[in-house]
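Basically our numbering = 1-based index in the sequence shown + 33. For each residue, glycine too, the CB sits at the ideal point set by N, CA and C. Owing to the predicted nature of the structure, the values given are computational and were not obtained by experimental measurement. Structure record follows, encoded as structure tokens.
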Amino acid sequence: GDNGGIVVLITLGIIFFLVVFYLLVYYCSKQNEESIAWIPCYLCCEKIPINSWHSSHRASCLERYKAVLMRHPLEHKVVTRCGKCSGFLRRWTSYRIKRMEGNNTFICEVCHPATDPCKRYSDFEVINTDINRFNCFTCDYDVCGKCVHKNEERKAWNI
Numbered sequence: 034g035d036n037g038g039i040v041v042l043i044t045l046g047i048i049f050f051l052v053v054f055y056l057l058v059y060y061c062s063k064q065n066e067e068s069i070a071w072i073p074c075y076l077c078c079e080k081i082p083i084n085s086w087h088s089s090h091r092a093s094c095l096e097r098y099k100a101v102l103m104r105h106p107l108e109h110k111v112v113t114r115c116g117k118c119s120g121f122l123r124r125w126t127s128y129r130i131k132r133m134e135g136n137n138t139f140i141c142e143v144c145h146p147a148t149d150p151c152k153r154y155s156d157f158e159v160i161n162t163d164i165n166r167f168n169c170f171t172c173d174y175d176v177c178g179k180c181v182h183k184n185e186e187r188k189a190w191n192i
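The structure is reproduced here in structure tokens:
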């Protein structure tokens, strides 16, 4: 009799707690993730629609702003390469044609590999300090200085 009712109440209580816990975790994980319609280009310093950013913009921008690109030195001696094309990375400086909100931050793709490029993750963004961003503009691939240095140490020790 009474034990069956208590078991049902406890079971319902546990299920309720688990559902609330799941929703809380889901909400908190999504809180700092925001879908974006445009992205600030860190080469030409213009607002680019997100679909153009992933298709045509970077190639045409690269062509047009080659002189600006050269202000960001290609790092031939760095072991870490682009995770998409295996090309050399540039040490992306804080130089910009003009100031623009959001075009001086980046997300390290080694530290945060599962990010959606059509979303903004403010908690993962790192401010570019001239020495901490290694980038392949063609692929839009970024690695932070800490990850590059860890990789350099591993290579030096043949790990």
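Hey, would you say residue i sits closer than 8 angstroms to residue j, going by beta carbons?
{"i": "His87", "j": "Cys74", "result": "no"}
{"i": "Val101", "j": "Leu76", "result": "yes"}
{"i": "Arg124", "j": "Pro146", "result": "no"}
{"i": "Ser127", "j": "Asn137", "result": "yes"}
Could you have a look at residue i and say whether DSSP puts it in helix, strand or coil?
{"i": "Gln64", "result": "The predicted model places Gln64 with a pLDDT of 48, which falls under 50 and marks its position as unreliable, so this point remains unresolved."}
{"i": "Asp156", "result": "helix"}
{"i": "Trp190", "result": "coil"}
{"i": "Asn168", "result": "strand"}
{"i": "Val176", "result": "strand"}
{"i": "Ile69", "result": "coil"}
{"i": "Thr162", "result": "coil"}
{"i": "Phe139", "result": "strand"}
Taking the alpha helix (DSSP H) that residue i falls in, what are its first and last residues?
{"i": "Val111", "result": "That residue, Val111, is in no alpha helix (DSSP H); it is neither H nor E in DSSP."}
{"i": "Cys94", "result": "91 to 97"}
Relative to the C-alpha of residue i, which candidate in the options has its C-alpha closest?
{"i": "Asp149", "options": "Met133, Tyr174, Asp163", "result": "Tyr174"}
{"i": "Val176", "options": "Lys131, Arg97, Leu51, Glu158", "result": "Glu158"}
{"i": "Glu215", "options": "Lys188, Val111, Asp156", "result": "Outside the shown range of the chain, which is 34 to 192, sits residue 215, and nothing can be said about it."}
{"i": "Lys117", "options": "Val181, Thr171, Phe54", "result": "Thr171"}
{"i": "Cys151", "options": "Ser127, Phe167, Ser85", "result": "Ser85"}
{"i": "Ile83", "options": "Ala70, Glu186, Arg129", "result": "Ala70"}
{"i": "Lys188", "options": "Ile47, Leu56, Val112", "result": "Val112"}
{"i": "Cys180", "options": "Glu79, Asn161, Glu142, Ile160", "result": "Glu142"}
{"i": "Arg104", "options": "Glu134, Asp163, Arg132, Cys144", "result": "Asp163"}
Starting from residue i, follow the beta strand (DSSP E) in both directions and report where the run begins and ends.
{"i": "Lys80", "result": "80 to 82"}
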